[in-house]
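Notes follow once the structure below has been shown.
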């Protein structure tokens with residue numbers, strides 16, 4: 001059953017169009033990755049889904065669990081069961097870890113208990129009264145994931161969660177994505193430049209190039225087809 | 236024996252509380268109490284202002300600044316017209332009392348209600364405008380309120396003189412000092428003012444640390460991210476503006492008693508500007524920051540202007556006399572300079588931030604974790 005359906009989305013900024021008809025279907029309980037080079041339109045796609053101020057979506061439709069997202073005020077999207085971990089591991093720096101996570105829980109109808117989230121992130125539990133400002137990059141990323149998870153979503157969008165992090169933290173994040181997907185049955189759409197991460201966690205891969213989906217491939221094909229990786233991802 | 240045991244136990248509890256930060260939650264209530272208890276004797280001391288009633292004025296302005304900081308410090312909205320709400324409180328109380336012969340408390344509540352409704356409506360109109368437009372629109376609304384009060388429609392507001400000589404029936408004055416006289420008791424007005432101040436400031440603090448207040452901080456930090464976690468930022472800004480307006484109006488009600496009426500000066504751009512300067516000077520990042528800003532500002536204004544000759548070490552034992560009259564009459568220039576420096580160095584930290592980091596650094600040196 002399709003949970004998120006992005007259909008023929010064209011979107012852009014004042015400076016010009018970026019997406020030229022993007023189609024993505026994510027089934028319930030899947031982990032799907034969206035791959036592409038810098039400037040391919042990955043983040044623009046994510047922002048279009050969660051209804052950020054920019055880009056402007058010019059045509060197409062985005063449906064989540066039967067709801068038309070383009071007609072939904074963006075602050076109501078978490079209530080529908082769709083949360084995002086934005087790029088740059090953004091947290092509310094002046095608030096403590098606990099306050100950050102509580103914010104994620106306070107604005108939805110049926111959040112997870114805080115304890116259940118802290119159980120999954122023992123590194124955050126140890127310093128829940130510390131302001132997010134004082135955290136390392138990896139800890140901020142954990143916090144951003146915890147904040148979106150506590151809302152008890154059906155689906156999480158992760159925008160480049162491993163960018164610029166040390167290899168052992170990347171592995172930790174990979175295992176968190178697996179836990180979220182397998183133990184909590186949360187559907188995941190992962191935006192990545194790092195093909196290794198996508199190969200490790202995702203079942204299917206959409207490849208975005210110059211604002212269009214050029215390939216939808218399985219993990220085996222992506223692993224084996226070097227020409228494909230060279231052509232669109234440069235690896 | 237049991238006394239010893241319970242003493243040991245309570246000492247242990249204090250240690251535990253200190254260790255896990257439970258005392259932290261008493262920091263603000265105790266700080267506010269200490270402020271009210273010590274402000275008057277300190278201000279009134281003969282070495283300083285030698286005029287205890289000035290502490291009343293300081294408390295009124297402190298409440299005004301704390302209300303303003305709900306908007307600036309917690310929500311990140313800069314209003315250039317906050318004096319308008321101080322005016323609503325002051326005029327509401329004075330108009331009800333003098334023009335309609337209502338009891339003071341009823342007039343005051345009407346003043347607060349008018350402030351709440353107006354703040355909510357203005358908030359709805361301007362909350363979602365960009366920063367600069369928000370600031371300009373607040374200025375425009377405040378100008379309009381000033382104009383209306385100055386026009387004295389129907390003889391309600393008293394025009395440029397305001398409404399003077401107004402006091403509730405339970406306040407008596409004796410040589411400029413106000414007393415509360417009710418039910419056979421008589422005590423200095425400062426204590427009632429102090430009680431209202433502490434309660435109102437605690438309410439503001441409670442709002443700031445509630446989930447609502449934490450959401451305001453989230454909106455201030457990053458509106459887009461706030462929306463992404465499900466916060467309807469427009470609604471939160473409107474309610475922040477409303478709460479801020481109501482507490483400013485409460486400061487206005489206290490102002491009306493303290494100044495025996497309402498003056499047009501509450502509605503001026505200068506009043507709105509002063510409260511911004513005091514808040515930023517003190518440090519918008521902290522609950523006590525704006526309060527410190529008010530103290531420094533008003534104290535300097537009163538103290539330095541009178542301070543013409545510095546006699547060291549004590550007036551009774553003059554060893555050194557320095558004539559400062561010429562220099563200190565420029566106190567606003569020096570405060571302005573201090574303001575510019577504090578904004579350039581750390582715009583949200585202010586004097587209170589400086590004070591805190593100074594104390595923190597000293598503590599670390601004493602503990603030996605810093606050189």
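Protein chains in written order, with our numbering: chain A, 1 to 235; chain B, 236 to 606. Virtual Cβ for every residue (Gly too), placed ideally from N, Cα, C.
Exposure label - residue i; buried when at least 16 CB within 10 Å
{"i": "residue 58 of chain A", "result": "exposed"}
{"i": "residue 269 of chain B", "result": "exposed"}
{"i": "residue 235 of chain A", "result": "exposed"}
{"i": "residue 141 of chain A", "result": "buried"}
{"i": "residue 434 of chain B", "result": "exposed"}
{"i": "residue 273 of chain B", "result": "exposed"}
{"i": "residue 426 of chain B", "result": "exposed"}
{"i": "residue 227 of chain A", "result": "exposed"}
{"i": "residue 1 of chain A", "result": "exposed"}
{"i": "residue 386 of chain B", "result": "exposed"}
{"i": "residue 340 of chain B", "result": "exposed"}
{"i": "residue 38 of chain A", "result": "exposed"}
{"i": "residue 230 of chain A", "result": "exposed"}
Residue i versus residue j: straight-line alpha-carbon distance, rounded
{"i": "residue 368 of chain B", "j": "residue 471 of chain B", "result": "18 angstroms"}
{"i": "residue 537 of chain B", "j": "residue 284 of chain B", "result": "7 angstroms"}
{"i": "residue 499 of chain B", "j": "residue 397 of chain B", "result": "5 angstroms"}
{"i": "residue 219 of chain A", "j": "residue 29 of chain A", "result": "16 angstroms"}
{"i": "residue 214 of chain A", "j": "residue 24 of chain A", "result": "11 angstroms"}
{"i": "residue 384 of chain B", "j": "residue 589 of chain B", "result": "40 angstroms"}
{"i": "residue 467 of chain B", "j": "residue 461 of chain B", "result": "8 angstroms"}
{"i": "residue 294 of chain B", "j": "residue 317 of chain B", "result": "17 angstroms"}
{"i": "residue 63 of chain A", "j": "residue 212 of chain A", "result": "19 angstroms"}
{"i": "residue 503 of chain B", "j": "residue 131 of chain A", "result": "39 angstroms"}
{"i": "residue 161 of chain A", "j": "residue 507 of chain B", "result": "45 angstroms"}
{"i": "residue 480 of chain B", "j": "residue 351 of chain B", "result": "6 angstroms"}
{"i": "residue 109 of chain A", "j": "residue 152 of chain A", "result": "9 angstroms"}
{"i": "residue 73 of chain A", "j": "residue 51 of chain A", "result": "7 angstroms"}
{"i": "residue 476 of chain B", "j": "residue 436 of chain B", "result": "16 angstroms"}
{"i": "residue 330 of chain B", "j": "residue 501 of chain B", "result": "15 angstroms"}
{"i": "residue 7 of chain A", "j": "residue 509 of chain B", "result": "55 angstroms"}
{"i": "residue 353 of chain B", "j": "residue 379 of chain B", "result": "13 angstroms"}
{"i": "residue 22 of chain A", "j": "residue 189 of chain A", "result": "15 angstroms"}
{"i": "residue 408 of chain B", "j": "residue 75 of chain A", "result": "55 angstroms"}
{"i": "residue 69 of chain A", "j": "residue 154 of chain A", "result": "15 angstroms"}
Three-state secondary structure (DSSP) of residue i
{"i": "residue 574 of chain B", "result": "helix"}
{"i": "residue 451 of chain B", "result": "helix"}
{"i": "residue 174 of chain A", "result": "helix"}
{"i": "residue 394 of chain B", "result": "helix"}
{"i": "residue 381 of chain B", "result": "helix"}
{"i": "residue 8 of chain A", "result": "strand"}
{"i": "residue 180 of chain A", "result": "helix"}
{"i": "residue 497 of chain B", "result": "strand"}
{"i": "residue 263 of chain B", "result": "helix"}
{"i": "residue 522 of chain B", "result": "coil"}
{"i": "residue 297 of chain B", "result": "helix"}
{"i": "residue 127 of chain A", "result": "coil"}
{"i": "residue 429 of chain B", "result": "helix"}
{"i": "residue 157 of chain A", "result": "strand"}
{"i": "residue 282 of chain B", "result": "coil"}
{"i": "residue 83 of chain A", "result": "strand"}
{"i": "residue 218 of chain A", "result": "strand"}
{"i": "residue 601 of chain B", "result": "helix"}
{"i": "residue 422 of chain B", "result": "strand"}
{"i": "residue 503 of chain B", "result": "coil"}
{"i": "residue 466 of chain B", "result": "coil"}
Contact check, residue i vs residue j, beta carbons under 9 angstroms
{"i": "residue 3 of chain A", "j": "residue 232 of chain A", "result": "no"}
{"i": "residue 314 of chain B", "j": "residue 303 of chain B", "result": "yes"}
{"i": "residue 139 of chain A", "j": "residue 149 of chain A", "result": "no"}
{"i": "residue 26 of chain A", "j": "residue 5 of chain A", "result": "yes"}
{"i": "residue 585 of chain B", "j": "residue 517 of chain B", "result": "yes"}
{"i": "residue 85 of chain A", "j": "residue 159 of chain A", "result": "yes"}
{"i": "residue 309 of chain B", "j": "residue 463 of chain B", "result": "no"}
{"i": "residue 515 of chain B", "j": "residue 574 of chain B", "result": "yes"}
{"i": "residue 527 of chain B", "j": "residue 587 of chain B", "result": "yes"}
{"i": "residue 591 of chain B", "j": "residue 521 of chain B", "result": "yes"}
{"i": "residue 491 of chain B", "j": "residue 325 of chain B", "result": "yes"}
{"i": "residue 393 of chain B", "j": "residue 495 of chain B", "result": "no"}
{"i": "residue 535 of chain B", "j": "residue 568 of chain B", "result": "no"}
Legend entry - In chain order, each alpha helix (DSSP H) run of at least 4 residues that lies wholly inside the stretch 313 to 341 of chain B: As summarised for the stretch 313 to 341 of chain B, the continuous alpha helix (DSSP H) elements at least 4 residues long and confined to that stretch are 318 to 334, given in chain order.
Legend entry - Segments of 4+ residues assigned as alpha helix (DSSP H) that fall wholly inside the stretch 183 to 211 of chain A: Those alpha helix (DSSP H) runs which fall completely within the stretch 183 to 211 of chain A and span 4+ residues are 195 to 201.
Legend entry - Whole alpha helix (DSSP H) elements within the stretch 10 to 78 of chain A, 4-residue minimum: For the stretch 10 to 78 of chain A, whole alpha helix (DSSP H) runs of length 4 or above, ordered along the chain, are 42 to 49.
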